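Chemist: 264 is the number of the first residue of the sequence shown in our numbering; add one for each residue after it. Ideal placement from N, C-alpha and C gives every residue a C-beta, glycine not left out. Keep in mind that this is a model prediction, so the values were computed, not measured. Once you've had a glance at the structure underneath, I'll fire off some questions.
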Amino acid sequence: MAPVEQDALAVREQLFHDRVRECIICALLFVSLYILCHFIITHFKKHTDFTAVHDDEDAAVNRIALGLCTFTLAVALGAVLLLPFSIISNEVLLSFPQNYYIQWLNGSLVHGLWNLVFLFSNLSLVFLMPFAYFFTESEGFAGSKKVGDPVGVPSPIPPIAGSSLTLFPQGIMARVYETSVVLLLLTLLVLGIVWVASAIVGNNAASRQSLYDLWEYYLPYLYSCISLFGVLLLLLCTPFGLSTMFTVTGKLLVKPRLLEDLDEQLSCTRLEEAAVSRRI
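In structure tokens, the structure reads:
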């Protein structure tokens, strides 16, 4: 094998190992965040009665929604920690440029993390969070039966007279179908609103283009609009939250009496006693 081919093979092998290392690091970081977020959500969420009534369908729906919410929280926490991680990794590389064991903290890893966070943020914002909400609220389309019901077996609960609705348990797949249809309609509605808003604001041919540029134009625009709405809501609610917090804290805490003047209190008490005695 020629030296040029050996060099090219060594470069490809190094790129392959770097790619595998970045994938392993990203997977380990996400698994760690997912486990942490799972403990956080299970600590703060209310206990349901699904296990008490032995309702396998509602329990499965609850587990699926819990997994989606945990994934979304892990992505949000990763987006929050990504900027400090980038700054710290850059400072570590500048402090120890010749250290072999920290060379994996390179720009390629940070760039890949930024791309993954942007991808999963859009996925969670547009699909996963609405799907989790609509999935917990869904009941299935009318006439759908629970998956696994034997054919020809009559229902223990008779249907409502004069109505096309049945009282069969809907099943997981019926809820998935209903949630998918509702989410599709909501996605079309939101994309239409964003498209019309961009056409009105931009007022040029580029802003009136078709929806072929969904990934490069409309999703970042929607993400920016929702982020701006979140920042404005934060700026609006923070003063009210701080005032409420200090008000509640002032009511619950007992004010210290270390700086009070006892002589002044005694004189006030004597004056009040003299005033009461004169009235008597």
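Kindly list the residues whose CB is nearer than 8 Å to the CB of valine 260, restricted to its own chain and excluding five residues on each side of it in sequence; keep chain order.
Modeler: Since the first and last residues shown for the chain are 264 and 543, residue 260 lies out of range.
Chemist: In angstroms with no decimal places, state the Cα-to-Cα distance between proline 502 and serine 540.
Modeler: The alpha-carbon atoms of proline 502 and serine 540 are separated by roughly 49 Å.
Chemist: What number of angstroms, rounded off, separates the C-alpha of tyrosine 486 from the C-alpha of valine 453?
Modeler: 12 Å
Chemist: Apart from the five residues just before and just after aspartate 281, which ones in its own chain have a Cβ nearer than 8 Å to its Cβ?
Modeler: Ser371
Chemist: With a threshold of 8 Å, are at least 3 pairs of Cβ atoms found where one atom belongs to the stretch 336-353 and the other to the stretch 292-305?
Modeler: yes
Chemist: Can you give me the start and stop residues for the alpha helix (DSSP H) that glycine 341 sits inside?
Modeler: 319-358
Chemist: Counting only the same chain and skipping the five closest in sequence on each side, list residues whose C-beta sits under 6 Å from that of serine 352.
Modeler: Leu368
Chemist: Count the CB pairs spanning the stretch 327-334 and the stretch 349-365 that are closer than 8 Å, and state whether there are at least three.
Modeler: Below 8 Å, too few C-beta pairs join the stretch 327-334 and the stretch 349-365 to call them touching: fewer than three.
Chemist: Using a 10 Å radius around the Cβ and a threshold of 16 neighbouring Cβ atoms, would you call cysteine 286 buried or exposed?
Modeler: exposed
Chemist: Look at threonine 335 and methionine 392 and say whether their C-beta atoms are less than 7 Å apart.
Modeler: yes
Chemist: Could you tell me whether the Cβ atoms of valine 445 and phenylalanine 397 are closer together than 7 Å?
Modeler: Cβ distance < 7 Å, so valine 445 and phenylalanine 397 count as in contact.
Chemist: Could you give the distance in angstroms between the alpha-carbon of isoleucine 420 and the alpha-carbon of alanine 322?
Modeler: Confidence is the limiting factor: at isoleucine 420 the pLDDT is only 42, short of 50, which leaves the residue's position unreliable, though a coordinate-based value still follows. Approximately 22 Å between the Cα atoms of the pair.
Chemist: State yes or no: is the C-beta of threonine 442 within less than 7 Å of the C-beta of serine 401?
Modeler: For the pair threonine 442 and serine 401, the CB atoms are nearer than the 7 Å cut-off.
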